[in-house]
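Quick notes on the structure that follows.
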Amino acid sequence: MNLPNKITFCRVLLVPIFIIMFYIDIPNNQFYAGLIFVIAALTDSLDGYLARKNSQVTNLGKFIDPLADKLLVSAALILLVEAGTIPGWVVITIIAREFTITGFRIIAASEGVTIAASSLGKFKTITQLIAIALLLFNNILFRNLNIPMDQIFLYISLLFTVLSGYDYISKNIDTLNLNDK
């Protein structure tokens, strides 16, 4: 178990802590949940950087890293729907894309094809993380300016979610072998 994988596992462990903090009945619980979310989100960049820098990319890391990201983002989005902060259809669209692309990657892997993350997929992840952080912090940086930056980033992330999903599938559609009988 190398350091990047340990960091990734820590991100997975932060998910239930984030959820508990979101629900716990203390003042500013959502702010503290937001801090945990940001720390967990930052570990995503750190573990990937360390794995590449130290040539420690592993199959375990390739599996657990995107899983950890999806657990964190999905948990946050579902909690924000429950809190009435964002509409459910947005979250359903985002999670449906994640299931679709994950399934698509599984099929590709079974054919010996690796589908690397695209720049659109990376923009999707970055905008989702920013949107969720802004939503968890109640748009604190922009509230006094009357700019709904949390909602703006939410819909930008939704756009990148749809575009990147389409991009992954359209560039790799042959992997599905639609002409098999």
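Start counting at 1 in the sequence shown, then tack on 739, and there's your number in my numbering. Don't be surprised by glycine CBs; every beta carbon is placed ideally from N, CA and C. Note that the structure is predicted; figures quoted are calculated from it, not measured.
- A buried status is given to Asn-744, since no fewer than 16 other beta-carbon atoms sit within 10 Å of its beta-carbon.
- In the structure shown, the three-state DSSP call for Leu-799 is helix.
- Remark: C-beta atoms of Ile-879 and Ala-815 do not approach each other more closely than 8 Å.
- Assigned with DSSP and collapsed to three states, Pro-805 falls in helix.
- Straight-line spacing of the CA atoms in Ala-835 and Asp-786 works out to 26 Å.
- Counting only the Cα atoms, Leu-774 lies some 26 Å from Lys-801.
- Only residues of its own chain outside the window of five on either side were considered, and among them Ile-746, Arg-750 have a CB closer than 6 Å to the CB of Thr-782, listed in chain order.
- Judged by DSSP secondary structure, Arg-844 falls within the alpha helix (DSSP H) whose first and last residues are 827-849.
- DSSP places Asp-889 in the uninterrupted alpha helix (DSSP H) bounded by 888-911.
- Rounded to the nearest angstrom, the Cβ distance from Leu-806 to Ala-779 is 13 Å, too far for a contact under 8 Å.
- For a cut-off of 8 Å, the C-beta gap from Leu-874 to Thr-824 is around 6 Å, short enough to register as a contact.
- In the DSSP assignment, Phe-881 falls outside any alpha helix (DSSP H) and carries neither an H nor an E.
- Out of Leu-818, Ile-912, Ser-794, Leu-897, the CA that lies nearest to the CA of Gly-860 is found in Leu-897.
- In this structure, DSSP gives Asp-764 a state outside helix and strand, which the three-state scheme calls coil.
- By the Cβ neighbour-count rule, Asp-889 is buried, with 16 or more other Cβ atoms within 10 Å of its own.
- Ala-855 sits in coil when the DSSP states are folded into three classes, being neither helix nor strand.
- For the set Thr-839, Gly-904, Asp-804, the Cα lying nearest the Cα of Ser-857 is the one of Gly-904.
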